[in-house]
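From first to last, the protein sequence lines are chains Z and G.
Per this note's numbering, the first sequence starts with residue 28, numbered consecutively.
Per this note's numbering, the second sequence starts with residue 28, numbered consecutively.
2 protein chains.
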Amino acid sequence: MPSNAPIGVFDSGIGGLTVVREIMRQIPNETIVYFGDTARVPYGNKSKETIITYSRQIVKFLQTQEVKAIVIACNTASAFALETIASEVSIPIIGVVKPGARVAAEATQNGNIGIIGTEGTIGSRIYNQYLSEMNPSVNVYGKACPLFVPLVEEGWLRDPVTVEVAKRYMSELQGKGIDTLVLGCTHYPLIRHVISSIVGDEVTLVNPAYETARTLKEVLESSGIESITPATNHKFYVSDGAEKFKEFANTILPCEVAEIKGVSVGA
Amino acid sequence: MPSNAPIGVFDSGIGGLTVVREIMRQIPNETIVYFGDTARVPYGNKSKETIITYSRQIVKFLQTQEVKAIVIACNTASAFALETIASEVSIPIIGVVKPGARVAAEATQNGNIGIIGTEGTIGSRIYNQYLSEMNPSVNVYGKACPLFVPLVEEGWLRDPVTVEVAKRYMSELQGKGIDTLVLGCTHYPLIRHVISSIVGDEVTLVNPAYETARTLKEVLESSGIESITPATNHKFYVSDGAEKFKEFANTILPCEVAEIKGVSVGA
Numbered sequence: 028m029p030s031n032a033p034i035g036v037f038d039s040g041i042g043g044l045t046v047v048r049e050i051m052r053q054i055p056n057e058t059i060v061y062f063g064d065t066a067r068v069p070y071g072n073k074s075k076e077t078i079i080t081y082s083r084q085i086v087k088f089l090q091t092q093e094v095k096a097i098v099i100a101c102n103t104a105s106a107f108a109l110e111t112i113a114s115e116v117s118i119p120i121i122g123v124v125k126p127g128a129r130v131a132a133e134a135t136q137n138g139n140i141g142i143i144g145t146e147g148t149i150g151s152r153i154y155n156q157y158l159s160e161m162n163p164s165v166n167v168y169g170k171a172c173p174l175f176v177p178l179v180e181e182g183w184l185r186d187p188v189t190v191e192v193a194k195r196y197m198s199e200l201q202g203k204g205i206d207t208l209v210l211g212c213t214h215y216p217l218i219r220h221v222i223s224s225i226v227g228d229e230v231t232l233v234n235p236a237y238e239t240a241r242t243l244k245e246v247l248e249s250s251g252i253e254s255i256t257p258a259t260n261h262k263f264y265v266s267d268g269a270e271k272f273k274e275f276a277n278t279i280l281p282c283e284v285a286e287i288k289g290v291s292v293g294a
Numbered sequence: 028m029p030s031n032a033p034i035g036v037f038d039s040g041i042g043g044l045t046v047v048r049e050i051m052r053q054i055p056n057e058t059i060v061y062f063g064d065t066a067r068v069p070y071g072n073k074s075k076e077t078i079i080t081y082s083r084q085i086v087k088f089l090q091t092q093e094v095k096a097i098v099i100a101c102n103t104a105s106a107f108a109l110e111t112i113a114s115e116v117s118i119p120i121i122g123v124v125k126p127g128a129r130v131a132a133e134a135t136q137n138g139n140i141g142i143i144g145t146e147g148t149i150g151s152r153i154y155n156q157y158l159s160e161m162n163p164s165v166n167v168y169g170k171a172c173p174l175f176v177p178l179v180e181e182g183w184l185r186d187p188v189t190v191e192v193a194k195r196y197m198s199e200l201q202g203k204g205i206d207t208l209v210l211g212c213t214h215y216p217l218i219r220h221v222i223s224s225i226v227g228d229e230v231t232l233v234n235p236a237y238e239t240a241r242t243l244k245e246v247l248e249s250s251g252i253e254s255i256t257p258a259t260n261h262k263f264y265v266s267d268g269a270e271k272f273k274e275f276a277n278t279i280l281p282c283e284v285a286e287i288k289g290v291s292v293g294a
């Protein structure tokens, strides 16, 4: 695969754009082909089998775009499908969970780490698994926050309702003495300020997007396939609602998104 | 089709069970085959083309179950796909929108009718269309309430957060002097008490489920295919998460749901 081939990035919808933003910042030479599965969003309450089926379809589509590596920019899909997909394709596949766990393991001082995410991600206990491999002495406390994704998609990013919902979800974690909290869903960095105002400055918030982009950079370099020429046209595909996606993408990304194409990958 | 053949009922997920409940109450001899598209829920923010594709796949599945009639127990699918589907199959197809509109047109005293539903249903203006055909002098005010479905699915049916969200959504309608409000999404009857406490007793809440079951009864009778023998085993299918669905179904339905089968209809 030529080093100027694009990087494939996918998510259930818009959340993965927070990862794209970080990739553009850290390795601006790389061209992105993004796929947002907006017809089937959300992934967070779907089963492992379904998520693997969907991920496989998307990876197949991204491979028609001749990508040199793929980032699963969705915690639920990383939790459920990364291992299976990685065994099925020959290009590098990077998820967001392992990089996030690594930062959390380094950041904690008292060994008490909170993880917030979808029902799927939390139920999979994948963060617990990685974290206990990295540092067997940490205590990991997971909390599913299923209303955060719809609240972000409604655009209520600084709304009192979002604050109230966040207080409810956080109260369970606050009794555990956590000093580190992983934003284990790519939508959550968009309400980072709300979460931070509730848990306070003494809790370090970990956004796996930053570390994921750094991991991608390392993988590209170690494989000798990092782009040495400027990025060309980034491409954005969605399975539904291209117009709405475009509006949102332009509020998140540092570049203007001129065109979003609709594409069907499964049904 | 024999008169003891089952009735097919489908929805994006659990909401359509409020329609099933009403059918079981009004025409208890009828056997139900239900399909909840829990792998692709919600439908409310998806495009017309996607909803038609999904509905077509589900109808095809229900026809393998040899149903004698189909109820689209989802406002979004009724708004977007009823007309297309009805032109493609030869058995009776009934949606929830027209029956709901009929009750609202009869219920209003001052001619000001509010409609709450998903973005898809409200954006389609389908209630406006039916209502103005039934009574050209009514004023119709639509309001999309995208957080209601996730709140119901979270089980926060009597929660202060749900009350606050409902207040926000209702405030726009309250200035319009409505005396009738259509619960234009099959999830909404489950938070009827919250909505009612906000808009007050002077506003009549219309639940299209009741009228849909009545319409179904009329259609079966006029076609001479109403069941004259007791219902046999109702069947419930979902595209994902059978266990969670079962739990919910047993809180809504008057009969015990012993088994839910998982089935894939599209992707």
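Note that CB positions come from ideal geometry on N, CA and C, so glycine has one too.
All values derive from a computational prediction rather than experimental measurement.
Pairwise C-alpha distance: ILE121/G and THR103/G: 13 Å
For the beta strand (DSSP E) that contains LEU80/G, what are its first and last residues? As written in the sequence, residue 80/G is Thr, which differs from the Leu given in the question. No beta strand (DSSP E) holds THR80/G; the alpha helix (DSSP H) holding it covers 75-91.
CA-CA distance, PRO187/Z and LEU178/Z? 11 Å
For VAL209/Z, which residues from the same chain have a beta carbon less than 6 Å from its beta carbon, with the 5 sequence-adjacent residues on both sides left out? GLY127, ALA131, ILE142, VAL233
Provide the residue span of the alpha helix (DSSP H) that contains GLY268/G, from first to last. No alpha helix (DSSP H) holds GLY268/G; DSSP gives it neither H nor E.
Are there any heavy atoms of the ligand GDP lying less than 6 Å away from the beta-carbon of LEU200/Z, as far as the coordinates show? As presented, the structure is devoid of all ligands, the ligand GDP included, so that no description of it is given.
Complete alpha helix (DSSP H) runs within the segment 158-187 of chain G (minimum length 4 residues, chain order): 175-181
Taking the alpha-carbon positions, what's the VAL124/Z to THR242/Z distance? 11 Å
Is the CB of ARG67/Z under 7 Å away from at least one CB in chain G? yes
DSSP bridge partner residues for LYS262/G (one or two, in chain order): VAL60/G
Between LEU144/G and LYS170/G, what straight-line distance do the alpha-carbon atoms span, to the nearest angstrom? Checking the displayed sequence, the identity of residue 144/G turns out to be Gly instead of Leu. Distance between the alpha carbons of GLY144/G and LYS170/G: 7 Å.
Can VAL221/Z and VAL190/Z be called in contact, C-beta distance under 7 Å? yes
Check the Cβ of ASN18/G against every Cβ in chain Z and list those closer than 9 Å, keeping chain order. A query on residue 18/G cannot be resolved here, the shown segment of chain G reaching from 28 to 294 and no further.
Under three-state DSSP, which class holds ASN10/Z? Beyond the ends of chain Z as shown, which are 28 and 294, falls residue 10/Z; an answer cannot be given.
With burial defined as no fewer than 16 other Cβ atoms inside 10 Å of the residue's Cβ, what is the status of ARG52/Z: buried or exposed? exposed
What's the gap between the Cα of LYS194/Z and the Cα of ASP206/Z? 17 Å
Under 7 Å between C-beta atoms, does PRO281/Z make it to chain G? no
Could you check which residue in ILE41/Z, GLU115/Z, SER291/Z has the C-alpha nearest to that of ALA266/Z? The amino acid at residue 266/Z is misidentified as Ala; the sequence shows Ser. With distances taken between Cα atoms, SER266/Z lies closest to SER291/Z.
If you run the structure through DSSP and keep just helix, strand and coil, what is THR231/Z? strand
According to DSSP, is LYS207/G helix, strand or coil? It should be noted that the sequence gives Thr, not Lys, for residue 207/G. If DSSP states are grouped into helix, strand and coil, THR207/G belongs with the strands.
Judging by CA-CA distance, which residue of VAL116/Z, PRO173/Z, ALA66/Z is the nearest neighbour of VAL86/Z? VAL116/Z
Per-residue burial, THR77/G [other beta carbons within 10 Å of its own, 16 or more giving buried]: buried
Please list, in chain order, the residues of the segment 181-199 of chain Z that have any C-beta partner in chain G closer than 9 Å. GLU181, TRP183, ASP186, PRO187, VAL188, GLU191, VAL192, ARG195
Closest by CA to LYS244/Z, which one among ALA106/Z, ILE54/Z, GLU110/Z? ILE54/Z
Could you pull the DSSP bridge partners for VAL96/Z from this structure? Just to set this straight, residue 96/Z is Ala in the shown sequence, not Val. Bridge partners of ALA96/Z: ILE34/Z.
Please classify ALA285/Z as buried or exposed, where buried requires at least 16 other C-beta atoms within 10 Å of its C-beta. exposed
So ALA96/Z packs on ILE118/Z, CB below 8 Å; how close in whole Å? 5 Å
Select from GLY71/Z, ASN72/Z, SER114/Z, VAL60/Z the residue whose C-alpha is nearest the C-alpha of ARG83/Z. SER114/Z
Output needed for ALA134/Z: all residues of its chain with C-beta closer than 7 Å, excluding positions within five of it in sequence on either side, in chain order. THR207, THR231, VAL233
Ignore the nearest five residues each way along the sequence and tell me which others in LEU200/G's own chain have a CB closer than 8 Å to its CB. GLY141, ILE143, TYR168, LYS170, LEU208, VAL226
Assuming ILE112/G is part of the beta strand (DSSP E), what are its boundary residues? Not the beta strand (DSSP E): ILE112/G falls in the alpha helix (DSSP H), residues 102-115.
For LEU174/G, return the contacting residues in chain Z, with the cut-off set at a CB-CB distance below 9 Å. LEU174, PRO177, LEU178, GLU181, TRP183, VAL188
From which residue to which residue does the beta strand (DSSP E) around GLY122/G run? 120-122
Pull the bridge partners of ILE142/G from the DSSP assignment, please. GLY169/G, VAL209/G
Taking a cut of 9 Å between CB atoms, which residues from the segment 73-104 of chain Z lie near chain G? LYS73, SER74, GLU76, THR77, THR80, TYR81, GLN84
Ends of the beta strand (DSSP E) at ILE287/Z? 287-289
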